[in-house]
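Visitor:
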Amino acid sequence: NAGVTQTPKFQVLKTGQSMTLQCAQDMNHNSMYWYRQDPGMGLRLIYYSASEGTTDKGEVPNGYNVSRLNKREFSLRLESAAPSQTSVYFCASSEVLRIQPQHFGDGTRLSIL
Amino acid sequence: GENVEQHPSTLSVQEGDSAVIKCTYSDSASNYFPWYKQELGKRPQLIIDIRSNVGEKKDQRIAVTLNKTAKHFSLHITETQPEDSAVYFCAASTRGSTLGRLYFGRGTQLTVWP
Numbered sequence: 001n002a003g004v005t006q007t008p009k010f011q012v013l014k015t016g017q018s019m020t021l022q023c024a025q026d027m028n029h030n031s032m033y034w035y036r037q038d039p040g041m042g043l044r045l046i047y048y049s050a051s052e053g054t055t056d057k058g059e060v061p062n063g064y065n066v067s068r069l070n071k072r073e074f075s076l077r078l079e080s081a082a083p084s085q086t087s088v089y090f091c092a093s094s095e096v097l098r099i100q101p102q103h104f105g106d107g108t109r110l111s112i113l
Numbered sequence: 114g115e116n117v118e119q120h121p122s123t124l125s126v127q128e129g130d131s132a133v134i135k136c137t138y139s140d141s142a143s144n145y146f147p148w149y150k151q152e153l154g155k156r157p158q159l160i161i162d163i164r165s166n167v168g169e170k171k172d173q174r175i176a177v178t179l180n181k182t183a184k185h186f187s188l189h190i191t192e193t194q195p196e197d198s199a200v201y202f203c204a205a206s207t208r209g210s211t212l213g214r215l216y217f218g219r220g221t222q223l224t225v226w227p
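Here is the structure:
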């Protein structure tokens, strides 16, 4: 089992460019999440998907969109990248939404110039 | 929403000593409290969790205590080793929210000196 797989691992963008971060899990989990991690800020929730077909905003959703493509895959899109979106992005999944541990991917290090 | 505060932000201990990291939360409806360890450049990994119907939980050198009345929970690492050096995050999940989503503290950088 690979667990939670994120692609790409590293990316450099120019301001205004768009890109999609991919996430897939093979644990048959229902819930998936996207976080960003900035120095001294901990993990902040961007968007989540309680189950296939549903998505909701988290703490810092502005500038992002998500798609729950199927039960396995949950993508994060930056439509017009800004330097403030330079961060490490983590995808996570859990069996169900409530009171369950979350399993994280290896992260995507994104730099926006 | 929930607010989780974590202290200290940095902690240095000598190998073999104990380390304690403390977190407070604001929402009395929170009922699940995981702790994650993140080594440099790696993913956060769950090391222990506790639910609100339990006051203490141990797993070898790691223990977590929960005081629901005071709304705080702590991570205790005994007999620390250099490989315990990492950033530790506490989190809380509140059943009062629409989701039971996790709210994270800002992390504690633990350094264990040999």
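Top line first, the protein sequences correspond to chains P and U. Residue numbers for the first sequence follow the working numbering, so the first one is 1 and each next one is one higher. Residue numbers for the second sequence follow the working numbering, so the first one is 114 and each next one is one higher. Just so it is clear, CB atoms sit at the ideal spot from N, CA and C, and this is done for glycine as well.
1. Rounded to whole angstroms, what is the Cα-Cα separation between A132/U and V225/U?
2. Between which residues of its own chain and E73/P is the CB-CB distance below 6 angstroms, once the five residues before and five after are set aside?
3. For F10/P, would you say it is in contact with chain U, using Cβ-to-Cβ distances shorter than 8 angstroms as the test?
4. At what residue ranges does the stretch 180-207 of chain U contain a whole run of the beta strand (DSSP E), taking only runs of 3 or more?
5. 8 angstroms is my cut-off, CB to CB: does R174/U come that close to chain P?
6. For the beta strand (DSSP E) holding D162/U, just list the boundary residues, first then last.
7. Using the beta-carbon count (16 or more within 10 Å), is V177/U buried or exposed?
8. Residues in the same chain with beta-carbon distance under 7 angstroms from I160/U, minus the five sequence neighbours each way, listed in chain order, please.
9. Here's the rule I'm using: 16 or more other beta-carbon atoms within 10 Å means buried, otherwise exposed. How should M27/P be labelled?
10. Is DSSP giving S84/P helix, strand or coil here?
11. Compare the beta carbon distance of T86/P and Q6/P with 8 angstroms and say whether it is the shorter of the two.
12. Determine, using beta carbons only, whether Y48/P comes closer than 8 angstroms to chain U.
13. On the CB-based measure, 16 or more other CB atoms within 10 Å of its CB, does S162/U come out buried or exposed?
Guide: This is what the structure gives:
1. Here residue 132/U refers to the residue found at position 19 when the second sequence is read from its first residue. Here residue 225/U refers to the residue found at position 112 when the second sequence is read from its first residue. Each residue's alpha carbon lies about 9 angstroms from the other.
2. To locate residue 73/P, count along the first sequence from 1; it is residue 73. These residues qualify, in order along the chain: A24.
3. Mapped onto the first sequence, residue 10/P falls at position 10. Judged by the 8 angstroms Cβ criterion, F10/P is not in contact with chain U.
4. 185-190, 199-207
5. In the second sequence, the residue the question calls residue 174/U occupies position 61. With 8 angstroms as the cut-off, R174/U does not count as an interface residue toward chain P.
6. Here residue 162/U refers to the residue found at position 49 of the second sequence. Segment 158-164, the beta strand (DSSP E) holding D162/U.
7. Within the second sequence, numbered from 1, the residue matching residue 177/U stands at position 64. Per the 10 Å Cβ criterion, buried.
8. Locating residue 160/U in the second sequence gives position 47, counting from the first residue. Correct list, in chain order: W148, Y149, K150, I175.
9. For the purposes of this step, residue 27/P is identified with residue 27 of the first sequence, where counting begins at 1. Looking at its Cβ environment, which holds fewer than 16 other Cβ atoms inside 10 Å, M27/P is exposed.
10. What you label residue 84/P is simply residue 84 of the first sequence in a count that begins at 1. The answer is helix: DSSP assigns S84/P an H, G or I state.
11. For the purposes of this step, residue 86/P is taken as residue 86 along the first sequence, with counting starting at 1. For the purposes of this step, residue 6/P is taken as residue 6 along the first sequence, with counting starting at 1. Contact: no.
12. As a working note, residue 48/P is residue 48 in the first sequence. Chain U, which has a Cβ nearer than 8 angstroms to the Cβ of Y48/P, makes this yes.
13. Sequence index remark: in the second sequence, residue 162/U carries index 49 (1-based). The displayed chain sequence assigns Asp, not Ser, to residue 162/U. D162/U should be labelled buried.
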